[in-house]
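Peer 1: So the sequence shown is residues 0 to 354, counted in numbering that gives the first Met the number 0.
Think of the CB as a built atom: it goes at the ideal place given N, C-alpha and C, for glycine as much as any other residue.
Nothing here was measured: the structure is a model prediction, and the numbers come from that model.
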Amino acid sequence: MNEPNKSTKTYHEQQTIKNTIKLREILKELPPFAADYFRGIEFTTESRTKLSYAIDLKTFFFYIKENNPAYKDIPVNQFTIDILEKIQSYDIEEYLSYIRYYEKDGKTYTNDERAIKRKLSALRSFYGYYHKNKRIDVNPAEQVAMPKLHEKAIVRLEINEVAQLLDNVESGEKLTKHQLISHEKLKTRDLALLTLLLGTGIRVSECVGLDISDVDFENECIKVIRKGGYEDIVYFGEEVKEALLSYLEERNQILPLPGNENALFLSYQKKRLTVRSVEKLVKKYSQTVTTLKKITPHKLRSTYGTNLYQETGDIYLVADVLGHKDVNTTKKHYADMLDETKRRARNAVKLREKQ
């Protein structure tokens, strides 16, 4: 059987294939009945989410094996479905407490409250499937309370910090001698990438997934694949347009490695940039900015969202542009700004004319 030509597949399709292959490998280590669950969510759940669930379930079942004497000598991939009813809610609570901080194979792992909530969500989804299909009579995962999340303040860059960041990308100011070696060749790409992130608020995964054909200069927009796998159109301004055009002059002179012909942003090795490589890129340039803030790709997204809301006062527009399916997600993140907008509007409506 001939292997499909990778260059004909979009980044999203390639990632789905990669995640599916990884999922199948993990399934070999999970109890056999777990395969039924993943078939059940096959067409309702993103491949990346399914893979995350599988990794979390693997951690859970191996925890049970190592900490429950009844399963000490039974391989995880030989567990039978009756284990789900034998596990009590307090077993799950102990597991969640354990993964907050633990050591395994010489490595240290930590999980904050958000990570623990995600892992409990995975267990609830898993148990819920078998309970809904009447394969178990009780659902102990549903009895475990979700962790209370402490809201984090939005961290965004000020105008001077954005300017300094982009200036340093152009000039190489404050980069190390080692970093300057590749800077001259990559600065046009780096400037286009960071300008795009700051000027559109797209996610890093959406950015690295862009193909050259996804950029429409005539209508000044890009086509992105959002979380959930749906297509969306995002518009950009003149600064983004100029940075992208400058980069494309260089990009069109590069011969990418096979399978990467369509990628907009290429690495030094002429492959499509990965999410991890963009995170490293942002970290490198963020260290040149005079600020106490920890600058990450998500902070660039927050910066755009904050600026857009300050300019428009339209939370629904911000939600749409950022690709939030539920405006309540946007409201939660920009609650302080919403409150300030409401405060400023308190005298906007006049009830009676003053005499």
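#1: Checking 9 Å against the spacing of the C-beta atoms, do residue 239 and residue 195 come in under that value?
#2: In terms of alpha-carbon separation, which member of 298, 270, 184 lies closest to residue 246?
#3: Considering only DSSP beta bridges, list what residue 35 is partnered with.
#4: Assess contact between the stretch 23-32 and the stretch 74-84, defined as three or more Cβ pairs (one per stretch) separated by less than 8 Å. Is contact present?
#5: Go through its chain and collect everything with a Cβ distance to residue 135's Cβ below 6 Å, but skip five positions before and after it.
#6: Return the residue from the list 101, 292, 227 that minimises the CA-CA distance to residue 322.
#7: Is it the case that the Cβ atoms of residue 137 and residue 122 are separated by a distance below 9 Å?
#8: If you draw a straight line from the C-alpha of residue 49 to the C-alpha of residue 37, how long is it?
#9: Would you list the residues sitting across from residue 141 in a DSSP beta bridge?
#10: Touching or not, the stretch 8-15 and the stretch 53-65, by the rule of three or more beta carbon pairs under 8 Å?
#11: Tell me whether the beta-carbon of residue 146 lies closer than 9 Å to the beta-carbon of residue 119.
#12: What's the call for residue 259, buried or exposed, on a 16-neighbour Cβ count within 10 Å?
#13: What's the call for residue 211, buried or exposed, on a 16-neighbour Cβ count within 10 Å?
#14: Going by DSSP, what residue range makes up the beta strand (DSSP E) through residue 90?
#15: What residues are listed by DSSP as bridge partners for residue 231?
#16: Could you check the C-alpha separation between residue 176 and residue 182 for me, to the nearest Å?
Peer 2: Once the coordinates are examined:
#1: The residue you call residue 239 lines up with position 240 of the sequence shown. The residue you call residue 195 lines up with position 196 of the sequence shown. Going by C-beta atoms, residue 239 is nearer than 9 Å to residue 195.
#2: Residue numbering aside, residue 246 sits at position 247 when the sequence shown is read from its first letter. Checked all of 298, 270, 184; the closest Cα to residue 246 is 184.
#3: Counting from 1 along the sequence shown, the entry for residue 35 is found at position 36. According to DSSP, residue 35 bridges with nothing at all.
#4: yes
#5: Here residue 135 refers to the residue found at position 136 of the sequence shown. Once the five neighbours on either side are set aside, the close Cβ partners of residue 135 are 83, 84, 129.
#6: Residue 322 sits at position 323 when you count from the first residue of the sequence shown. Cα-wise, what sits closest to residue 322 is 227.
#7: For the purposes of this step, residue 137 is taken as residue 138 along the sequence shown, with counting starting at 1. For the purposes of this step, residue 122 is taken as residue 123 along the sequence shown, with counting starting at 1. Against a cut-off of 9 Å, the Cβ pair of residue 122 and residue 137 comes out as no contact.
#8: Within the sequence shown, residue 49 is the residue found at index 50, counting from 1. Within the sequence shown, residue 37 is the residue found at index 38, counting from 1. If you take the alpha carbons of residue 49 and residue 37, they lie about 7 Å apart.
#9: The residue given as residue 141 occupies position 142 in the sequence shown. In DSSP, residue 141 forms no bridge with anything.
#10: no
#11: Indexing the sequence shown from 1 puts residue 146 at position 147. Indexing the sequence shown from 1 puts residue 119 at position 120. Closer than 9 Å, so yes.
#12: Residue numbering aside, residue 259 sits at position 260 when the sequence shown is read from its first letter. Answer is buried; the Cβ neighbour count reaches 16.
#13: Position 212 of the sequence shown holds residue 211. A residue is called buried when at least 16 other Cβ atoms come within 10 angstroms of its Cβ; residue 211 does not meet this threshold and is exposed.
#14: Numbered from 1 along the sequence shown, position 91 holds the residue referred to as residue 90. First-last for residue 90: 88-97, but that is the alpha helix (DSSP H), not the beta strand (DSSP E).
#15: Taking the sequence shown and counting its residues from 1, the one referred to as residue 231 is at position 232. According to DSSP, residue 231 bridges with 223.
#16: Reading the sequence shown from its first residue, position 177 is the one you call residue 176. Reading the sequence shown from its first residue, position 183 is the one you call residue 182. One C-alpha to the other measures close to 10 Å.
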